[in-house]
Amino acid sequence: MPRVALSSPPLDPKVADLVPADPAVTTYDEEHIVTYLRLLDADAEGADWRDVSRILLHIDLDRAAGRARRAFESHLSRARWMTEQGYLHLLRGGV
């Protein structure tokens, strides 16, 4: 079987307000896998969502607190989905 070169995901991609709600892994998910891992780590450490939104998602809470909260919750939820279901799609070869 020929080897396929996998590209590395960006380390700090720009985030959308909401993640895709697709039942399969999307290109967005693959580009944000590092973000998802960082979110899961921050959640496991009990980090405050405001700090995570500011540092990890780069959203200014003074200007967009609602957006920051929605983006945080959306991305964390998708990160959890990736650990429960999405990873199977990646193991099969991804998008």
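Okay, so the sequence shown: first residue is 3 according to the numbering used here, each after it adds one.
Glycine included, each C-beta is placed from N, C-alpha and C at the ideal position.
- When the Cα atoms are used, residue 89 and residue 67 turn out to be separated by approximately 31 Å.
- Here residue 21 carries a coil assignment [DSSP, helix/strand/coil].
- Rounded to whole angstroms, the gap between the alpha carbons of residue 54 and residue 43 is 10 Å.
- The beta carbon of residue 41 sits closer than 7 Å to the beta carbons of 54, 58, 77, 78, 81 from its chain, once the five residues preceding and following it are set aside; these are given in chain order.
- Apart from the 5 residues on each side of it in sequence, residue 73 sits with its Cβ closer than 8 Å to the Cβ of 17, 18, 19, 20, 55, 59, 61 in its chain, given in chain order.
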